[in-house]
């Protein structure tokens, strides 16, 4: 991967993706070989909205590479609450760190940040936009369980606001994947995502119900439907209930079906699914470590190569 | 157009933007950043009869020759527009507008949650795609309603 930043999944070619996933496999096989690879480096974790797992996952991945991490603390007590722009904030933090990981509530925030700094920026979620590092760990999980080609995947839940869905759908167009999108009418894929999928000639189908496609699927990727997306709580309960699965739902599925979820889940996957061979979401979450290690390793290596080229010029 | 129909007088030097879709003349001026404070003469005809368009708008800007890159952005709201450069009452150059690859600082993003609407010191930037424009920051696609998002 010859990229300076990771902002959206649409920027990634098949080769880029496979290079990171190959490295993640190497990390998994021999973590000790990566232990102090980036000792002395500092990673800034810039989380402008609450996050537990993504922040901890990057923190842990960095530390396993020998990288120190710094954070912003609570956004309410930081300079952001004093009205500082994101552009200024990242320009300041650039001086403290060798790379930035950014989570922000506005779409496009990571693009703006990358325009303002010369260190690598990783988009760890920008509003309802993209979440490409999650996609890499999703793809790693799919690859290890099934393979990324000749794949039939169902992506279900909140497709409109789900940034993990937007990134995953885009990245899967680099592979031989049939994508089925299952959601209520009001939470269908946004126009911009559908535009990109059509541009690539991807094979996609949209459904309002899971049942008709469930038995065709190799992977079922479930996402949470959030209450705040509905004006009326009764409407939320009615709709959300139709997109919940349990062990009984999965009885008609292929024995090899892999069930994934970016987590946190609320009640869209019943706990009885955890006991089945389909449940892969905890493994998926754990894959965040080798994949984010591979990603940080790659981006820092690219930045060092670019710096070396600059010095040698 | 015969003389008795002529509603806007000829200009000596400057640019005439003709065949603008009826009702878009003020948006044309907004896109060009012309609000009258520049001091040069500006004439606007709106909804005048046109063989080609039925009704059209026409904008005449005196003492200023607009460059092709300045006017190309007009193609988003006035794809049929013609640009006439006038010197000493004569049309010396006649061009059509062509679609630019991108548009910077002219439109506001319709997505309220886009970072360009968050008070950042940044100009909007849209890629021109098949049938509209697309925000470079949040990827939102804007189609028929482009004129509603002119922000200059």
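Protein chains in written order, with our numbering: chain A, 956 to 1268; chain B, 11 to 162.
Positions of the beta carbon are idealized from the N, C-alpha and C atoms, including for glycine.
Just so you know, these numbers come straight off a predicted model, no measurement behind them.
Residue burial classification, residue i (beta-carbon count within 10 angstroms, cutoff 16)
i	result
residue 1112 of chain A	buried
residue 34 of chain B	buried
residue 970 of chain A	exposed
residue 108 of chain B	exposed
residue 20 of chain B	exposed
residue 1058 of chain A	buried
residue 961 of chain A	buried
residue 1264 of chain A	exposed
residue 1216 of chain A	buried
residue 114 of chain B	exposed
residue 66 of chain B	buried
residue 14 of chain B	Confidence at residue 14 of chain B is low in this model, with a pLDDT of 49, below 50, so the placement of that residue is unreliable and no value is reported for it.
residue 1241 of chain A	exposed
residue 1145 of chain A	buried
residue 1182 of chain A	exposed
residue 11 of chain B	Summary for residue 11 of chain B: the model assigns pLDDT 48, below 50, so the residue's position carries little reliability; its value from the coordinates is reported in the next sentence. The residue is exposed, with fewer than 16 neighbouring Cβ atoms inside 10 Å.
residue 1114 of chain A	buried
residue 1158 of chain A	exposed
residue 1128 of chain A	buried
residue 1051 of chain A	exposed
residue 1214 of chain A	buried
residue 1087 of chain A	buried
residue 1298 of chain A	Summary: the structure shown does not reach residue 1298 of chain A, with chain A confined to residues 956 through 1268, and so no result is reported for it.
residue 965 of chain A	buried
residue 1195 of chain A	buried
residue 1151 of chain A	buried
residue 1189 of chain A	exposed
residue 972 of chain A	buried
residue 1170 of chain A	exposed
residue 99 of chain B	exposed
Of the residues the options, the one placed nearest residue i, counting alpha carbons only
i	options	result
residue 1013 of chain A	A:960, A:1188, A:1056	A:1056
residue 75 of chain B	B:90, B:63, B:68, B:96	B:96
residue 1045 of chain A	A:1065, A:1029, A:1037, A:1060	A:1065
residue 1186 of chain A	A:1105, A:1141, A:1215	A:1141
residue 963 of chain A	B:159, B:158, B:149	B:149
residue 1243 of chain A	A:988, A:1007, A:967, A:992	A:1007
residue 1004 of chain A	A:1080, A:1049, A:992	A:1080
residue 1205 of chain A	A:1233, A:1184, A:1259	A:1233
residue 132 of chain B	B:140, B:142, B:117, B:138	B:117
residue 156 of chain B	B:23, B:40, B:55	B:40
residue 23 of chain B	B:94, B:137, B:161, B:135	B:94
residue 1131 of chain A	A:1116, A:1143, A:1147, A:1108	A:1108
residue 77 of chain B	B:26, B:136, B:57	B:26
residue 1247 of chain A	A:968, A:1011, A:988, A:991	A:1011
residue 1221 of chain A	A:1167, A:1177, A:1061, A:1077	A:1177
residue 37 of chain B	B:69, B:102, B:101, B:140	B:69
residue 142 of chain B	B:87, B:81, B:60	B:87
residue 42 of chain B	B:138, B:82, B:102, B:29	B:82
residue 1179 of chain A	A:1209, A:1200, A:1100, A:1189	A:1200
residue 136 of chain B	B:84, B:154, B:111, B:56	B:111
residue 1296 of chain A	A:1015, A:1048, A:1029	A query on residue 1296 of chain A cannot be resolved here, the shown segment of chain A reaching from 956 to 1268 and no further.
residue 84 of chain B	B:62, B:140, B:29	B:29
residue 1306 of chain A	A:1261, A:1259, A:1245	Absent from the model: residue 1306 of chain A. The displayed extent of chain A is 956 to 1268, so no value can be given.
residue 1018 of chain A	A:992, A:977, A:1117, A:1212	A:992
residue 1110 of chain A	A:1154, A:1009, A:1255, A:1164	A:1164
residue 1001 of chain A	A:1198, A:1106, A:1053, A:1174	A:1053
residue 161 of chain B	B:55, B:120, B:79	B:120
Worksheet item: Taking one C-beta from the region 1063-1072 of chain A and one from the region 1222-1234 of chain A each time, how about it: are there three or more such pairs within less than 8 Å?
Response: no
Practice prompt. Check whether the region 1082-1102 of chain A touches the region 1114-1123 of chain A, taking contact to mean three or more Cβ pairs, one atom from each stretch, closer than 8 Å.
Written response: yes
Discussion item. Which runs of the beta strand (DSSP E) at least 3 residues long sit entirely within the region 61-141 of chain B? Give them in chain order.
Written reply: 64-72, 92-97, 100-106, 112-114, 135-139
Worksheet item: Looking at C-beta atoms only, is the number of pairs between the region 42-56 of chain B and the region 100-107 of chain B that lie closer than 8 Å three or more?
Response: no
Worksheet entry | Any 3 or more C-beta pairs closer than 8 Å across the region 1250-1265 of chain A and the region 993-1008 of chain A | yes
Worksheet item: Unbroken alpha helix (DSSP H) runs of length 4 or more, entirely within the region 960-1026 of chain A: which are they?
Response: 969-984, 1008-1019
Worksheet item: Got a sec: which bits of the region 109-131 of chain B sit with their beta carbon under 9 Å from any beta carbon on chain A, in order along the chain?
Response: 119, 121, 123, 124, 125, 126, 127, 128, 129, 130, 131
Item to complete: Starting from the N-terminal side, write out each stretch of the alpha helix (DSSP H) that is 4 residues or longer and does not extend beyond the region 1050-1077 of chain A.
Response: 1064-1071
Discussion item. Under 7 Å, CB to CB, which of the residues in the region 1101-1119 of chain A have a partner in chain B?
Written reply: none
Discussion item. Pairs of beta-carbons, one from the region 120-127 of chain B and one from the region 137-148 of chain B, closer than 8 Å: are there three or more?
Written reply: yes
Worksheet item: At a Cβ cut of 8 Å, what residues of the region 144-155 of chain B count as close to chain A, listed as they run along the chain?
Response: 144, 145, 146, 147, 148, 149, 150, 151
Practice prompt. Scan the region 1134-1153 of chain A for residues whose Cβ lies nearer than 9 Å to a Cβ of chain B and list them as they occur along the chain.
Written response: 1145, 1146, 1147, 1148, 1150, 1151
Worksheet entry | Against chain B: residues of the region 1058-1078 of chain A by CB proximity under 7 Å | 1061, 1062, 1063, 1064, 1066, 1067
Worksheet item: Closer than 9 Å, Cβ to any Cβ of chain B: which residues of the region 1002-1033 of chain A, in chain order?
Response: none
Item to complete: Could you name the residues of the region 1034-1049 of chain A whose beta carbon sits closer than 7 Å to any beta carbon of chain B, in the order they occur along the chain?
Response: 1040, 1041, 1042
Worksheet item: Fully enclosed by the region 1115-1170 of chain A, which beta strand (DSSP E) runs are 3 residues long or longer?
Response: 1132-1137, 1158-1162
Item to complete: Output the residue ranges of the alpha helix (DSSP H) runs that lie fully inside the region 1167-1223 of chain A and measure 4 residues or longer, sorted by chain position.
Response: 1188-1196
Fill in: Interface residues of the region 1082-1101 of chain A facing chain B [CB-CB below 8 Å]
1082, 1083, 1084
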